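Peer 1: Counting in my numbering, the final residue of the sequence shown is number 432, and the numbers go up one at a time with none missing. Glycine included, each C-beta is placed from N, C-alpha and C at the ideal position. In this text the structure is predicted, and so the values were computed from the model without any measurement. One structure coming up, written as C-alpha cells, with questions to follow.
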Amino acid sequence: MTLLRAVKGMNDVLPDEIGRCQAVERLFAETMARAGFREVRTPTLEPTPLFVRAIGEATDVVEKEMYSFEHHGEPLTLRPEGTAGAARAYLEHAIHAKEPVTRWWYSGPMFRAERPQRGRYRQFFQLGAEVFGDPGPGCDAEVIDLLVGFLDALPVTGAAVLVNSIGGKQARERYRDALVQYLTPRSSTLSPDSQRRLSTNPLRILDSKDDKDRTAVAEAPTIHEFLDADDQAHFAALRAHLDALGTPYAVDPRLVRGLDYYTRTLFEIKGAEDKLGSGSTLVGGGRYDRMVAELGGPDVPAFGFAMGLERLLLASGVDAPGRVVDAVVVPIGAAAQSPALALGRDLRRAGIRCDIDTRGTSLKSQLRRATALGARFALILGESELREGLVQLKDLDAHSQERVTPEVALRSIPDSLRNPAGGATAPAEEAP
Ligand code: HAM
C-alpha cells in the first residue's frame, strides 16, 4: 500500500517545533494586547468574490495562487491572507457604527498555491493586525514601531524596515501611465512575465526579481514624482514620526506589494538574507483606505500588516522551552498504579506539570523517560513507599533523593521549581 503523505507545501508542525511557535505567538499576543489590539477569528473559507474584489483580479495571488472550488454552486476559496476577511467581518458586523477606531489582531493558516521553497509554503501561518478608522500617519508609525519592538524582543537580528508611499488612486494612475510610457520602448528587454504585466499590472514589474527587469526599471521614474500634496504630507509625517521614535527605516521608492488594495503607505520588514534566502520578506503591510468602501461599506481608512510565522522562526533565535513536564510519577508494580494516578492528579492540581508512567515497566526505563521529558523530579512509588505512605522524591537535576510524605513533596516541588539551583527540600526562596 502506498504511504499517504501531506499535500506538497503543507507541513506538519510536530511537538518539538510547537514550543517555538507558541513562544512567538505568545509574545505577539502580548505585544498587541499591550497596544489595545483585540483578537479576531474569521473563517478559513470565504466566498471567492471577496478576494477577487479586495485583492485585485490582476494580482498573482488571485490569478494563480488561490485554492478555489465550488461547493453546491457557491464559489469558495481557502483564504490566501487575512485582511480581506477582517474587512468583511468589520463590515458585516457594522463595527464602524460602534467604534470610531478598531484595532484587531489575528493568527492562523493561510493558503497560496506557490512553488514551495525555504520560507515559502502552500499552507503557512500569519500573525497580523488591522486598524480600521484611523487615517493618520501617526497610526502607520505606531504600528511599524510596535513591530520593530516585537522583532527585537524575539529576537530577530538584521531586520530592515523599508517604507514607501504609492499615493492614492489618481497618483497611481498617473504613475502607471508614465511607467508604461517609459517601459514600452524597452519592452523587448523585459522578462516574458513582465512583458505581460506591462498591460495587466505594470507596477508589479518594479517588484520583479528577474535581473533583466531590474536593469530595465533602474532608471525608471519613481512614484514620488506623482504623489499629490496630501499624499506627500502623509508620507513626510510618517517619516517624521519614525525619526522621532528612533525607529530605523529606509525609504525605497520602488517598493510595491503584490496585493492591489494599498494606498499611500507601504512597508516591508526584510530578514537577514542568509537565514531566509530569497523569500526574505518577514513582514508586509500598509494602508488600504479604499477597501471597506469597495466592499460596499462606508469610507473607512485602514492600515495593517501580516508576517509569516515560519519565516519568523527561520529568522529568530527564539528557544523552545526544553521541559515538557516538571515531574514524572513512577509506579513500580501493579499495586502502585492507582496511588500513582491519585498522586499525579494532586500534583497537577497544585499546578505542577506532571506525567504518569503507566506502562508498568522497570524503574530504569521509567527514569530514562523522565529524563527525555526534561522532568526535574521523579516521584517513585515502590512497594516499601506504599507500605509506609511515603514517596521517594528524586531530584533529577541535583542527583539527590529522599523519602517524604506526598504532602511534603507537594509543598517542596513548587518552591524548587522557582529556585532551580536548590534541592527539593532546600529552604524556599522568594518567588521572582
Ligand atoms: P503579504 O506580503 O502577502 O501581505 O504576506 C505577509 C507575510 O506573510 C509575508 O511577508 C511572509 O512573511 C508571509 N507569507 C506570504 N506568503 C507566504 C508563503 N507562501 N509562505 C510563507 N510565508 C508567506 C499580506 O498578506 C497582507 N494581508 C498584509 C497586510 C495586512 N496588509 C495590510 N494588512
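1. Given Lys-275, which residues of its chain have a CB within under 7 Å of its CB, disregarding the five upstream and five downstream residues?
2. Any heavy atom of the ligand HAM within a distance shorter than 7 Å of the CB on Met-307?
3. Under a three-way DSSP split, which group does Thr-265 fall into?
4. For Ala-334 and Cys-354, I'd like the C-alpha separation in whole angstroms.
5. Alpha carbons only, please: which of Arg-118, Thr-263, Asp-60 is nearest the one belonging to Ala-171?
6. Is Gly-85 near the ligand HAM, in the sense that its beta carbon is under 7 Å from a heavy atom of that ligand?
7. Would you give the residue range spanned by the alpha helix (DSSP H) that Ala-236 belongs to?
8. Taking 7 Å as the cut-off, does the CB of Thr-42 come closer than this to any heavy atom belonging to the ligand HAM?
9. Go through its chain and collect everything with a Cβ distance to Pro-321's Cβ below 8 Å, but skip five positions before and after it.
10. Compare the beta carbon distance of Glu-111 and Pro-80 with 8 Å and say whether it is the shorter of the two.
11. Nearest-angstrom Cα distance between Ser-165 and Leu-255?
12. Which of the three DSSP states, helix, strand or coil, is assigned to Gly-286?
13. Quick check: is any heavy atom of the ligand HAM less than 7 Å from the C-beta of Thr-31?
14. What's the C-alpha gap between Leu-266 and Ala-398?
15. Please classify Glu-39: does DSSP put it in a helix, a strand, or coil?
16. Gly-233 to Cys-139, Cα distance in whole Å?
17. Consider the C-beta atom of Gln-126 and the heavy atoms of the ligand ADP; say whether any pair is separated by less than 7 Å.
18. Just to confirm, are Ile-269 and Val-251 a CB contact at a threshold of 8 Å?
19. Report the option in Gly-73, Ile-413, Pro-137, Ile-380 whose CA atom is closest to the CA atom of Thr-48.
20. Within 10 angstroms of its Cβ, does Glu-385 collect 16 or more other Cβ (buried), or is it exposed?
21. Which residue marks the beginning of the alpha helix (DSSP H) containing Pro-339, and which one marks its end?
22. Of all the beta strand (DSSP E) runs that stay within the bounds of the segment 124-154, which reach a length of 3 or more residues?
23. Considering only the alpha carbon of each residue, which of Glu-70, Phe-51, Pro-116 lies closest to Gly-85?
24. Can you check whether the CB of Arg-41 is closer than 8 Å to the CB of Tyr-106?
25. Flag Glu-294 as yes when its Cβ comes closer than 7 Å to any non-hydrogen atom of the ligand HAM, and as no otherwise.
26. When we look at the beta-carbon of Glu-39 and count the other beta-carbons within 10 Å, is it buried (16 or more) or exposed?
27. Is Tyr-67 close to the ligand HAM? I mean its beta-carbon at under 7 Å from any heavy atom of the ligand.
28. Is Thr-102 helix, strand or coil when you go by DSSP?
29. Provide the residue span of the beta strand (DSSP E) that contains Ala-320, from first to last.
30. In chain order, what residues of the same chain lie with their CB nearer than 8 Å to the CB of Pro-339, ignoring the 5 residues before and after it?
31. Quick one: what does DSSP say Ala-58 is sitting in, helix, strand or coil?
32. Is His-96 helix, strand or coil when you go by DSSP?
33. Reducing DSSP to helix, strand and coil, say where Ile-205 ends up.
34. Taking C-beta to C-beta, are Leu-396 and Ala-409 nearer than 8 Å?
35. Can you give me the C-alpha to C-alpha distance between Leu-14 and Leu-151, rounded to a whole angstrom?
Peer 2: By the coordinates alone:
1. By one-based count along the sequence shown, residue 275 stands at place 275. Excluding sequence neighbours, Lys-275 sits near Leu-314, Ala-315.
2. The count along the sequence shown starts at 1 and reaches residue 307 at position 307. Yes, the ligand HAM has a heavy atom inside 7 Å of this Cβ.
3. As a first step, residue 265 must be located in the sequence shown, where it is residue number 265. Note: Thr-265 maps to strand in three-state DSSP.
4. Within the sequence shown, the letter at position 334 stands for residue 334. Within the sequence shown, the letter at position 354 stands for residue 354. One C-alpha to the other measures close to 20 Å.
5. On the sequence shown, position 171 is the one that residue 171 refers to. With distances taken between Cα atoms, Ala-171 lies closest to Thr-263.
6. Along the sequence shown, one-based indexing puts residue 85 at 85. Flag unset: Cβ of Gly-85 not near the ligand HAM.
7. Counting from 1 along the sequence shown, the entry for residue 236 is found at position 236. Here the alpha helix (DSSP H) through Ala-236 covers 229-245.
8. The residue given as residue 42 occupies position 42 in the sequence shown. Flag unset: Cβ of Thr-42 not near the ligand HAM.
9. To locate residue 321, count along the sequence shown from 1; it is residue 321. Here the set comprises Gly-19, Ala-23.
10. Translated into positions along the sequence shown, residue 111 becomes position 111. Translated into positions along the sequence shown, residue 80 becomes position 80. Glu is not the amino acid found at residue 111; the sequence shown has Phe there. Yes. Within cutoff.
11. In the sequence shown, counting from the first residue as 1, residue 165 sits at position 165. In the sequence shown, counting from the first residue as 1, residue 255 sits at position 255. Each residue's alpha carbon lies about 8 Å from the other.
12. Mapped onto the sequence shown, residue 286 falls at position 286. Reduced to three states, the DSSP call for Gly-286 is strand.
13. The residue labelled residue 31 in the question sits at position 31 within the sequence shown. Thr-31 Cβ: outside cutoff for every heavy atom of the ligand HAM.
14. In the sequence shown, counting from the first residue as 1, residue 266 sits at position 266. In the sequence shown, counting from the first residue as 1, residue 398 sits at position 398. If you take the alpha carbons of Leu-266 and Ala-398, they lie about 54 Å apart.
15. Along the sequence shown, one-based indexing puts residue 39 at 39. If DSSP states are grouped into helix, strand and coil, Glu-39 belongs with the strands.
16. Within the sequence shown, the letter at position 233 stands for residue 233. Within the sequence shown, the letter at position 139 stands for residue 139. According to the sequence shown, residue 233 is Ala rather than Gly. Cα to Cα, Ala-233 sits roughly 14 Å from Cys-139.
17. As presented, the structure is devoid of the ligand ADP, carrying the ligand HAM as its sole ligands.
18. Counting from 1 along the sequence shown, the entry for residue 269 is found at position 269. Counting from 1 along the sequence shown, the entry for residue 251 is found at position 251. Their beta carbons are not under 8 Å apart, which means Ile-269 does not touch Val-251 by this criterion.
19. For the purposes of this step, residue 48 is taken as residue 48 along the sequence shown, with counting starting at 1. With distances taken between Cα atoms, Thr-48 lies closest to Gly-73.
20. Position 385 of the sequence shown holds residue 385. So Glu-385 ends up on the buried side.
21. Residue numbering aside, residue 339 sits at position 339 when the sequence shown is read from its first letter. Where Pro-339 is concerned, the enclosing alpha helix (DSSP H) stretches over 337-349.
22. none
23. By 1-based counting over the sequence shown, the position of residue 85 is 85. Checking every option, the nearest Cα to that of Gly-85 belongs to Phe-51.
24. In the sequence shown, counting from the first residue as 1, residue 106 sits at position 106. In the sequence shown, counting from the first residue as 1, residue 41 sits at position 41. Yes. Within cutoff.
25. Numbered from its first residue, the sequence shown carries residue 294 at position 294. No, the beta carbon of Glu-294 sits no closer than 7 Å to any heavy atom of the ligand HAM.
26. Taking the first residue of the sequence shown as position 1, residue 39 is located at position 39. Glu-39 comes out exposed.
27. For this step, residue 67 is matched to residue 67 along the sequence shown. No; taking the cut-off as 7 Å, the Cβ of Tyr-67 has no heavy atom of the ligand HAM nearer than that.
28. For the purposes of this step, residue 102 is taken as residue 102 along the sequence shown, with counting starting at 1. Note: Thr-102 maps to strand in three-state DSSP.
29. Reading the sequence shown from its first residue, position 320 is the one you call residue 320. Looking at the DSSP string, Ala-320 is not in any beta strand (DSSP E), and its letter there is neither H nor E.
30. Here residue 339 refers to the residue found at position 339 when the sequence shown is read from its first residue. Same-chain partners within the cutoff: Pro-331, Leu-381, Leu-386.
31. For this step, residue 58 is matched to residue 58 along the sequence shown. Note: Ala-58 maps to coil in three-state DSSP.
32. Along the sequence shown, one-based indexing puts residue 96 at 96. Helix, per DSSP.
33. Here residue 205 refers to the residue found at position 205 of the sequence shown. Note: Ile-205 maps to helix in three-state DSSP.
34. The count along the sequence shown starts at 1 and reaches residue 396 at position 396. The count along the sequence shown starts at 1 and reaches residue 409 at position 409. Going by C-beta atoms, Leu-396 is not nearer than 8 Å to Ala-409.
35. Numbered from 1 along the sequence shown, position 14 holds the residue referred to as residue 14. Numbered from 1 along the sequence shown, position 151 holds the residue referred to as residue 151. Leu-14 and Leu-151: Cα-Cα distance of roughly 24 Å.
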